[in-house]
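Undergrad: Before I ask anything, here is the structure I am working with.
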C-alpha cells in the first residue's frame, strides 16, 4: 500500500513537471507582440498612393542594405494588397520603417522536487521513498529580440497617421532566413492596419 502511495505521489509530480514544461514551451513559441496606433479621424480610403522616405533607418553609409530591400518588398506587398499603388513622384503616404536586434539575457528559476530512495536490509528488503527534497534550478538564457516599426505619414499634412510595431524573440530560423522573417513580421503588423471605409 505504501508503494502505491509513493507511485501516486511521483506520478503527480511528473504530471506537474510536464504541464510546466508545456506552458514554458508555449510561451517561448508564441509570436511577436504586435501593436498599432493611428491618428484620430483619419479615413484611409482617401489615400491611393505611397512611396518610401528617401533615407530609411535601415540603410547604412549611403547605400540600401539587404534588410531594407526585404522590408520594402514586404511592405509594398501588404499595401498593394490593400489597394494602394506605389508612386514615387506623387505619393500621398510616405512609409518609413526601422528594425533593431538586441541581445537579452533572462534568469529563470524552475522549482524541482527530488526523492531519496532507500533499500535497507534490516527492514526486510523493503524499498521506500523518503521525504521530498525541494530545490530551485536557476539558469540564464541568452537570446535575441527583434523590433520592427512601420510608420505611414500623410505627405500633405506632414503628419504621422499610422504606426505598427512588432517585438519578439528571434529564432535561429529567423536569423538564417531574413527575407522570410521580414515578410512574416510585416504581415503580422499589417493585420492591425485599419480597414478602409
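Numbering (the numbering used here), first residue to last: 13 to 209.
The beta-carbon is built from N, C-alpha and C at its ideal position, and this holds for glycine as well.
In the DSSP assignment, find the unbroken beta strand (DSSP E) run with residue 101 in it and report its ends.
TA: By 1-based counting over the chain shown, the position of residue 101 is 89. Where residue 101 is concerned, there is no enclosing beta strand (DSSP E), given that its DSSP letter is neither H nor E.
Undergrad: According to DSSP, is residue 91 part of a helix, a strand, or is it coil?
TA: Working through the chain shown from its first residue, we reach residue 91 at position 79. Correct three-state label for residue 91: helix.
Undergrad: Where does residue 80 fall in DSSP's three states?
TA: Reading the chain shown from its first residue, position 68 is the one you call residue 80. Helix, per DSSP.
Undergrad: Excluding five sequence neighbours on each side, which residues of the same chain lie with their C-beta closer than 8 Å to the C-beta of residue 121?
TA: Position 109 of the chain shown, counted from the first residue, corresponds to residue 121. For residue 121, where only same-chain residues beyond five positions count, the Cβ hits under 8 Å are 148, 149, 150.
Undergrad: Look up residue 202 in the DSSP assignment and say whether it is helix, strand or coil.
TA: As a first step, residue 202 is located in the chain shown; it is residue number 190 there, counting from the start. Here residue 202 sits in helix by DSSP.
Undergrad: Identify, in the order they occur along the chain, each residue of the same chain with its Cβ nearer than 7 Å to the Cβ of residue 161, setting aside the five sequence neighbours on each side.
TA: Position 149 of the chain shown holds residue 161. Closer than 7 Å at Cβ, skipping near neighbours: 109, 110, 175, 177.
Undergrad: Identify whether residue 85 lies in helix, strand or coil by the three-state DSSP scheme.
TA: Translated into the one-based positions of the chain shown, residue 85 becomes position 73. Of the three classes helix, strand and coil, the one that applies to residue 85 here is helix, per DSSP.
Undergrad: Decide yes or no for the touch test of the segment 92 to 109 against the segment 181 to 190: beta carbon pairs closer than 8 Å, at least 3 of them.
TA: No, the segment 92 to 109 is not in contact with the segment 181 to 190.
Undergrad: On the three-state DSSP scale, how would you describe residue 50?
TA: Counted from its first residue, the chain shown places residue 50 at position 38. Residue 50 falls in the strand class under three-state DSSP.
Undergrad: Between residue 164 and the rest of its own chain, which residues show a CB-CB distance below 7 Å, the 5 nearest in sequence each way excluded?
TA: As a working note, residue 164 is residue 152 in the chain shown. Only 105, 107, 173, 174 meet the Cβ criterion.
Undergrad: Using C-beta distances below 7 Å, list every residue in its chain close to residue 103, excluding the 5 sequence neighbours before and after it, in chain order.
TA: Taking the chain shown and counting its residues from 1, the one referred to as residue 103 is at position 91. 61, 62, 63, 167, listed in sequence order.
Undergrad: May I ask you to report which of helix, strand or coil DSSP gives residue 166?
TA: Locating residue 166 in the chain shown gives position 154, where the first residue counts as 1. Three-state result, residue 166: strand.
Undergrad: What residue does the alpha helix (DSSP H) around residue 184 start on, and which one ends it?
TA: Sequence index remark: in the chain shown, residue 184 carries index 172 (1-based). Taken as a continuous stretch (DSSP letters only), the alpha helix (DSSP H) holding residue 184 covers 184 to 188.
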